[in-house]
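Student:
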Amino acid sequence: NAGVTQTPKFQVLKTGQSMTLQCAQDMNHNSMYWYRQDPGMGLRLIYYSASEGTTDKGEVPNGYNVSRLNKREFSLRLESAAPSQTSVYFCASGRLVTGFNEQFFGPGTRLTVL
Amino acid sequence: KQEVTQIPAALSVPEGENLVLNCSFTDSAIYNLQWFRQDPGKGLTSLLLIQSSQREQTSGRLNASLDKSSGRSTLYIAASQPGDSATYLCAVRIGGATNKLIFGTGTLLAVQP
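Protein chains in written order, with my numbering: chain A, 354 to 467; chain B, 31 to 143.
1) So, under 8 angstroms CB-CB, N52 (chain B) and T104 (chain B) are touching, yes? Tell me the CB distance rounded to an integer number of Å.
2) Check each residue of the stretch 63-90 of chain B: if its Cβ is closer than 7 angstroms to any Cβ of chain A, include it; give the result in chain order.
3) Along the beta strand (DSSP E) that carries R421 (chain A), what are the first and last residues, could you check?
4) With which residues is E19 (chain B) paired in a DSSP beta bridge?
5) Comparing the C-beta of L16 (chain B) with each C-beta of chain A, is any distance below 8 angstroms?
6) Within the stretch 355-437 of chain A, note down every full beta strand (DSSP E) run reaching 3 residues or more, in order along the chain.
7) In three-state terms, what does DSSP make of G447 (chain A)?
8) Which residues, taken in chain order from the stretch 396-408 of chain A, show a beta carbon closer than 7 angstroms to some beta carbon of chain B?
9) Does Q456 (chain A) come within less than 8 angstroms of chain B when only Cβ atoms are used?
10) From the beta carbon of G134 (chain B), is the nearest beta carbon of chain A less than 8 angstroms away?
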């Protein structure tokens with residue numbers, strides 16, 4: 354099992370460019386999440402998908418869109434990148450079994466917007 | 031609004047010491063609390079998960095406790111080793127159907143050989 358995989362690992366964009374961050378999980382989890390991590394602010398939820406076919410906004414959704422392509426894949430798109438979106442982006446998946454639920458994280462994508 | 035705080039922000043200890051990391055949250059209506067480890071430049075690795083009905087969980091040299099009423103959790107690391115050096119994050123789960131996590135800002139631990 355690869356767990357949660359993310360591509361790319363590093364990316365540099367110019368202001369106004371667009372890109373899509375890819376995430377896939379092979380654990381058959383129903384829920385998937387996108388977070389950003391900034392110094393001194395911890396991880397903040399951008400968007401999540403509780404199950405295939407559904408997506409919802411998290412704490413900081415502005416400037417982002419998501420697609421739950423299938424049960425395995427959840428992508429995050431920046432339509433017009435801004436320097437404020439320079440961050441480390443983490444994808445996670447989770448299972449919602451009564452009495453036991455936890456999230457598993459990918460290795461992250463380090464994005465710099467110039 | 032749920033807020034999660036971790037104190038101290040950074041901690042340095044000599045190898046072999048026992049240590050305690052603290053996590054506090056403002057709203058006691060949580061489903062569970064999870065402790066993670068993050069190595070530099072890496073993702074998060076889940077260490078322990080405590081359900082809201084539990085008081086503690088143990089895994090090897092790690093013991094996590096939860097006091098919902100006071101809004102506190104501790105992560106106890108016994109006989110620390112240099113390999114324990116990392117950032118430790120706690121997160122509380124809110125919202126039953128969505129499994130949303132609210133993270134603290136972490137404690138950076140350095141264990142000196």
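Here a beta-carbon is modelled for each residue, glycine too, at the ideal position from N, C-alpha and C.
Tutor: In short, the structure shows the following:
1) 6 angstroms between Cβ atoms; contact.
2) Taken in chain order, the members of the stretch 63-90 of chain B whose beta-carbon sits within less than 7 angstroms of a beta-carbon on chain A are Q64, K72, G73, L74, S76, L79 and Q81.
3) Segment Y417 to R421, the beta strand (DSSP E) holding R421 (chain A).
4) The question about residue 19 (chain B) has no answer, for chain B in this structure spans 31 to 143.
5) This structure cannot settle anything about residue 16 (chain B), because the visible part of chain B is limited to 31 through 143.
6) Uninterrupted beta strand (DSSP E) stretches at least 3 residues long and entirely within the stretch 355-437 of chain A occur at 357-360, 363-366, 372-378, 384-391, 395-402, 417-421 and 427-431, given in chain order.
7) Residue state, collapsed to three classes: strand.
8) From the stretch 396-408 of chain A, only L396, L398, Y401 and A403 have a Cβ closer than 7 angstroms to chain B.
9) Among the CB atoms of chain B, one or more fall inside 8 angstroms of the CB of Q456 (chain A).
10) Chain A places a beta carbon closer than 8 angstroms to that of G134 (chain B), counting this residue as a contact.
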